[in-house]
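Student: In UniProt numbering, the protein residues as written are 1 to 447.
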Amino acid sequence: IVSISGIRGIVGDGLGPAEARAFGLALGAHLGGPEGGGVVLGRDTRPSGPMLAEALKEGLLRAGCRALDVGVLSTPGVAVAVRHLGAAAGAVVTASHNPAAYNGIKLLSSSGRALSREDGRAVRDRFQRRAFTEVSPDAIGREETVSDAACIHVERVLAVVDAEQIRRRRFRVALDPVNGAGGAEMVRLLESLGCRVHAINVEPTGEFGRDPEPTPENLADLAEAVRRHGAAVGFALDPDADRLSLVDETGRPVGEEYTLALVCRHRLSQERGPLAANLSTSRMLDEVAEAAGVTLYRTPVGELNVAEAMEREGCLIGGEGNGGVIDPRVCPVRDGLVGAALVLEMMATSGRPLSEHCSDLPVYTMVKEKVPLGDAEASEVLEAVRRRFPDARLDERDGVHLAWEDGWLHVRASNTEPILRIIAEATEEHTARSRVREVMNLARPPG
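In structure tokens:
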């Protein structure tokens with residue numbers, strides 16, 4: 001799938017070195033070739049990463065661009081490096097939480113944020129039309145290696161929390177970075193905060209030790225590590241470390257929706273300001289905002305949408321309920337490291353265990369399903385969903401979002417995969433499951 005945020009697919013099935021090279025040429029041409037400034041290039045640990053990164057780099061160089069290679073680095077780490085180095089753009093070879101067979105290229109703007117729609121469309125159109133040329137041999141861009149990018153990211157995160165207070169607690173922490181790009185950065189951060197780290201799946205092999213999505217059903221090994229080592233918290237990342245999920249001190253995976261709610265409530269205890277989150281984020285966040293007397297701005301799904309709303313409204317913090325925390329003091333992207341640092345700060349300043357912080361939040365049940373569907377079929381299902389629930393409050397900014405007093409339902413086509421996503425949340429589990437089941441029946445009629 002080629003979108004305004006980049007390209008993603010199964011390696012060897014429409015995505016390979018030729019496509020990566022062409023994408024580099026398209027990006028380089030859009031930036032102005034030799035006049036366009038440098039591009040920070042990083043990747044996660046997937047085995048196909050070096051091949052695609054080299055091809056992408058060749059495309060950038062052949063367009064006349066300077067390539068600033070940071071090697072294996074988290075997506076937020078690359079974003080911070082773009083800003084720190086004054087680069088024109090960033091490109092990350094990653095498929096984020098998708099399975100190992102997938103890979104992709106995610107583009108970042110000079111601010112470290114996801115590329116704007118206009119720039120994203122321009123690069124996509126150049127790539128699809130092959131509207132680019134290669135410079136003459138004497139104008140080929142320079143390649144530079146940046147060796148301290150992880151340190152830059154960690155230092156930026158340390159600067160926004162009370163590091164001394166966290167160090168005094170000497171937290172014991174379990175960590176599962178799923179053999180991805182964020183392992184070394186996260187270990188460095190935690191050790192800098194005085195934590196005693198017990199890590200599993202930390203080697204950057206790209207051979208994921210579990211399903212790459214940090215959802216509760218995939219965190220049994222981390223939960224066991226928390227119990228075995230008596231850890232105060234367990235942190236789970238996805239392969240590019242832009243999502244963070246938590247396990248409490250009893251060994252219970254609390255669900256990725258809690259990450260953003262907890263971090264936002266903690267920041268609101270320090271200072272007031274509006275919040276932003278996408279339409280698929282738990283209603284817990286509405287209650288957090290209401291209790292603090294601040295506005296929560298809802299956006300369509302997508303990191304760019306949330307980041308733009310945060311910038312427009314001057315938000316204190318925001319993100320996406322899948323564990324994606326955006327703290328504008330660090331960089332306007334989802335960042336698992338800053339999420340972890342803020343959770344530790346919350347625990348250190350309150351003196352209370354994670355389980356108590358979670359129990360303070362309202363209880364909702366969220367149910368998620370996905371159905372393989374093309375765009376045309378998805379449009380038919382969305383229209384059927386609109387007709388099926390006439391009693392709900394309708395929001396059509398991103399697929400179909402329906403709201404009731406006791407919960408909500410969101411049905412939308414994925415931006416990165418040919419699937420229809422169905423998410424429901426309600427105060428009662430059976431209500432959420434019933435609403436999802438009705439949509440599933442509309443998408444795949446019984447019999």
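The C-beta atom is built at its ideal place from N, Cα and C for all residues, glycine as well.
Is DSSP giving Ser109 helix, strand or coil here?
Tutor: Walking along the sequence shown from the start, residue 109 turns up at place 109. Here Ser109 sits in coil by DSSP.
Student: Measure how close the beta-carbons of Asp69 and Thr145 come, nearest whole angstrom, since I'm counting them as under 8 angstroms.
Tutor: For the purposes of this step, residue 69 is identified with residue 69 of the sequence shown, where counting begins at 1. For the purposes of this step, residue 145 is identified with residue 145 of the sequence shown, where counting begins at 1. Indeed they touch by this definition, with Cβ atoms about 5 angstroms apart.
Student: How far does the alpha helix (DSSP H) with His357 in it extend, from its first residue to its last?
Tutor: Position 357 of the sequence shown, counting from 1, holds the residue named residue 357. Here the alpha helix (DSSP H) through His357 covers Leu354 to Ser359.
Student: What's the C-alpha gap between Leu267 and Arg283?
Tutor: Counting from 1 along the sequence shown, the entry for residue 267 is found at position 267. Counting from 1 along the sequence shown, the entry for residue 283 is found at position 283. At residue 267 the sequence reads Arg, which differs from the Leu that was named. Cα to Cα, the separation comes out at about 18 angstroms.
Student: Pick out whichever of Arg168, Ala236 and Asp125 has its Cα sitting closest to the Cα of Ile200.
Tutor: Here residue 200 refers to the residue found at position 200 of the sequence shown. The shortest C-alpha separation from Ile200 is found at Ala236.
Student: Would DSSP call Tyr297 helix, strand or coil?
Tutor: For the purposes of this step, residue 297 is identified with residue 297 of the sequence shown, where counting begins at 1. Three-state result, Tyr297: strand.
Student: When the Cα atoms are used, what is the spatial distance from Leu52 to Ala20?
Tutor: On the sequence shown, residue 52 is found 52 positions in, with the first residue counted as 1. On the sequence shown, residue 20 is found 20 positions in, with the first residue counted as 1. Roughly 6 angstroms separates the two Cα atoms.
Student: Spell out the partners DSSP gives Leu175 in its beta bridges.
Tutor: Taking the first residue of the sequence shown as 1, we reach residue 175 at position 175. Leu175 is bridged to Ala199 and Phe235.
Student: Report the start-end ranges of each alpha helix (DSSP H) in the region 208-275 that is 4 residues or longer and not cut off at the edges.
Tutor: Counting whole runs of 4 or more residues, the region 208-275 contains the alpha helix (DSSP H) stretches 220-229 and 257-270.
Student: Relative to the C-alpha of Met366, which candidate in Val135, His97 and Ala426 has its C-alpha closest?
Tutor: Counting from one through the sequence shown, the residue named residue 366 turns up at place 366. Closest by alpha carbon: Ala426.
Student: To the nearest whole angstrom, what separates the beta carbons of Arg121 and Val301, a pair I think is in contact under 8 angstroms?
Tutor: Here residue 121 refers to the residue found at position 121 when the sequence shown is read from its first residue. Here residue 301 refers to the residue found at position 301 when the sequence shown is read from its first residue. That belief does not hold up - the Cβ atoms of Arg121 and Val301 are roughly 18 angstroms apart, past 8 angstroms.
Student: Kindly give me the distance between the Cβ atoms of Asp211 and Gly336, rounded to whole angstroms, as I take these residues to be in contact under 8 angstroms.
Tutor: Counting from one through the sequence shown, the residue named residue 211 turns up at place 211. Counting from one through the sequence shown, the residue named residue 336 turns up at place 336. Not confirmed; about 16 angstroms, so no contact.
Student: Have a look at Val226, Leu275 and Gln270 and flag the residue whose alpha-carbon is nearest the alpha-carbon of Gly251.
Tutor: To locate residue 251, count along the sequence shown from 1; it is residue 251. The option with the nearest alpha carbon to Gly251 is Val226.
Student: Tell me which residue opens and which closes the alpha helix (DSSP H) that residue 459 is part of.
Tutor: An answer regarding residue 459 cannot be provided, because it is not within the stretch 1 to 447 covered by the chain.
Student: Could you check where the beta strand (DSSP E) with Ile326 kicks off and where it finishes?
Tutor: Numbered from its first residue, the sequence shown carries residue 326 at position 326. Element bounds for Ile326: Gly324 to Ile326.
Student: Tell me the rounded alpha-carbon separation between Val306 and Asp138.
Tutor: The count along the sequence shown starts at 1 and reaches residue 306 at position 306. The count along the sequence shown starts at 1 and reaches residue 138 at position 138. So the alpha carbons of these two residues sit roughly 42 angstroms apart.
Student: Can you give, in chain order, each stretch of the alpha helix (DSSP H) that sits fully within the region 40-92 and has at least 4 residues?
Tutor: Listed in chain order, the complete alpha helix (DSSP H) runs (minimum 4 residues) inside the region 40-92 are 49-62 and 75-85.
Student: Please classify Arg126: does DSSP put it in a helix, a strand, or coil?
Tutor: Here residue 126 is taken as the residue at index 126 of the sequence shown, counted from 1. If DSSP states are grouped into helix, strand and coil, Arg126 belongs with the helices.
Student: Give every residue of the same chain whose Cβ lies closer than 7 angstroms to the Cβ of Cys264, excluding the five residues on either side of it in the sequence, and list them in chain order.
Tutor: As a first step, residue 264 is located in the sequence shown; it is residue number 264 there, counting from the start. Excluding sequence neighbours, Cys264 sits near Leu275, Leu285, Val288 and Ile317.
Student: Taking only runs that begin and end inside the region 126-167, name each unbroken alpha helix (DSSP H) of 4 or more residues, in chain order.
Tutor: List check, alpha helix (DSSP H) in window: 149-158.
Student: Which of the three DSSP states is assigned to Asn305 in this structure?
Tutor: Numbered from its first residue, the sequence shown carries residue 305 at position 305. Here Asn305 sits in helix by DSSP.
Student: For a quick check, are the C-beta atoms of Gly38 and Ala63 less than 8 angstroms apart?
Tutor: Here residue 38 refers to the residue found at position 38 when the sequence shown is read from its first residue. Here residue 63 refers to the residue found at position 63 when the sequence shown is read from its first residue. Not in contact: Gly38 and Ala63 (Cβ atoms no closer than 8 angstroms).
Student: By DSSP, does Arg412 sit in helix, in strand, or in coil?
Tutor: Reading the sequence shown from its first residue, position 412 is the one you call residue 412. Arg412 falls in the strand class under three-state DSSP.
Student: Apart from the five residues just before and just after Gly447, which ones in its own chain have a Cβ nearer than 6 angstroms to its Cβ?
Tutor: For the purposes of this step, residue 447 is taken as the residue at position 447 of the sequence shown. For Gly447, the pLDDT reaches just 49, beneath the cut-off of 50, and the residue's location in the model is therefore unreliable, although a value from the coordinates is still provided. Excluding sequence neighbours, Gly447 sits near nothing in its chain.
Student: Could you tell me which of Ser379, Ala91, Ala131 and Met347 sits nearest to Ala114, measuring between CA atoms?
Tutor: Against the sequence shown, residue 114 aligns to sequence position 114. If we check each option's Cα against that of Ala114, Ala91 comes out closest.
Student: Got a sec, what are the start and stop residues for the alpha helix (DSSP H) Arg386 sits in?
Tutor: On the sequence shown, residue 386 is found 386 positions in, with the first residue counted as 1. Here the alpha helix (DSSP H) through Arg386 covers Asp375 to Arg388.
Student: Run the CB neighbour count on Pro177, radius 10 Å, all protein chains shown included, and call it buried at 16 or more, exposed below.
Tutor: Position 177 of the sequence shown holds residue 177. Under this definition Pro177 is a buried residue.
Student: Which term fits Glu164, buried or exposed, when burial requires 16 or more other beta carbons within 10 angstroms of its beta carbon?
Tutor: Reading the sequence shown from its first residue, position 164 is the one you call residue 164. Exposed.
Student: Rounded to whole angstroms, what is the Cα-Cα separation between Val439 and Arg388?
Tutor: In the sequence shown, the residue the question calls residue 439 occupies position 439. In the sequence shown, the residue the question calls residue 388 occupies position 388. Using only the alpha carbons, I get a separation of about 9 angstroms.
Student: Would you decide whether Ala79 is buried or exposed? Buried here means 16 or more other CB atoms lie within 10 Å of its CB.
Tutor: For this step, residue 79 is matched to residue 79 along the sequence shown. It is buried - the Cβ of Ala79 has at least 16 other Cβ atoms within 10 Å.
Student: If you follow the beta strand (DSSP E) that Pro372 is in, where does it begin and where does it stop?
Tutor: In the sequence shown, the residue the question calls residue 372 occupies position 372. Thr365 to Pro372 is the extent of the beta strand (DSSP E) around Pro372.
Student: Ordered along the chain, which non-local residues of its own chain (more than five positions away) have a Cβ less than 7 angstroms from that of Asn218?
Tutor: On the sequence shown, residue 218 is found 218 positions in, with the first residue counted as 1. Excluding sequence neighbours, Asn218 sits near Arg210 and Asp211.
Student: Should Phe208 and Pro253 be called a contact, given that it needs their Cβ atoms to be closer than 8 angstroms?
Tutor: As a working mapping, residue 208 is identified with position 208 in the sequence shown. As a working mapping, residue 253 is identified with position 253 in the sequence shown. Going by C-beta atoms, Phe208 is not nearer than 8 angstroms to Pro253.
Student: Starting from Gly28, follow its DSSP beta bridges and name the residues at the other end.
Tutor: Reading the sequence shown from its first residue, position 28 is the one you call residue 28. DSSP lists no partner for Gly28.
Student: Return the residue from the list Ser109, Pro76 and Pro99 that minimises the CA-CA distance to Gly86.
Tutor: Translated into positions along the sequence shown, residue 86 becomes position 86. Answer by Cα proximity: Ser109.
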